[in-house]
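Residue numbers (my numbering): 394 to 526. All residues carry an ideal CB built from backbone N, CA and C; glycine is no exception. In this text the structure is predicted, and so the values were computed from the model without any measurement. Input: a single structure, listed below in structure tokens.
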């Protein structure tokens with residue numbers, strides 16, 4: 394007669410597996426999530442960054458209207474746009490300035506962004522003078 398014990402079977406959700414030597418099956422490692430009523434509400438990545446002090450900027454008019462950026466990224470983009478000539482679409486970013494008005498984000502609850510308005514240059518076009526002899 395053999396003294397080896399037959400492997401113990403543990404019934405899982407969809408398969409049958411052999412128990413681990415510790416006697417604990419795969420179910421012992423499963424962690425159950427708390428019910429939604431007991432979980433704190435999950436913040437989106439956007440809301441987390443806003444809560445950490447990062448400011449959102451929304452371009453409300455002009456050629457770039459409807460776009461949302463982080464204010465610090467927009468400032469960097471404005472700085473980079475200085476290398477483009479005035480007629481270039483990227484150069485239009487220089488014409489945006491922040492206001493003291495805030496608006497709700499269209500898809501993220503409790504996230505707001507500062508309105509940036511387009512102020513096109515009112516300076517006259519560059520003129521050339523011709524020297525007469």
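- Between the beta-carbon of residue 510 and that of residue 453 there is about 6 Å, and that keeps the pair under the 8 Å contact cut.
- In terms of Cβ geometry, residue 492 and residue 507 form a close pair [threshold 8 Å].
- The three-state reading of DSSP puts residue 443 in helix, counting H, G and I together.
- Nearest to residue 514 by C-alpha distance, out of 439, 503 and 486, is 486.
- Looking from the CA of residue 495, the closest CA among 464, 505 and 459 belongs to 505.
- An exposed status is given to residue 441, since fewer than 16 other beta-carbon atoms sit within 10 Å of its beta-carbon.
- Excluding sequence positions up to five before and after residue 490, its CB lies within less than 8 Å of the CB of 509, 510 and 512, all in the same chain and listed in chain order.
- In the structure shown, the three-state DSSP call for residue 475 is helix.
- Separation of residue 479 and residue 435 (C-alpha to C-alpha, rounded to the nearest whole angstrom) is 44 Å.
- In the structure shown, the three-state DSSP call for residue 482 is helix.
- In the DSSP annotation of this structure, the continuous segment of the beta strand (DSSP E) that includes residue 511 starts and ends at 505 to 511.
- The closest CA to that of residue 456, considering only 470, 446, 483 and 499, is found on 483.
- As computed with DSSP, residue 490 is found in a beta bridge with 510.
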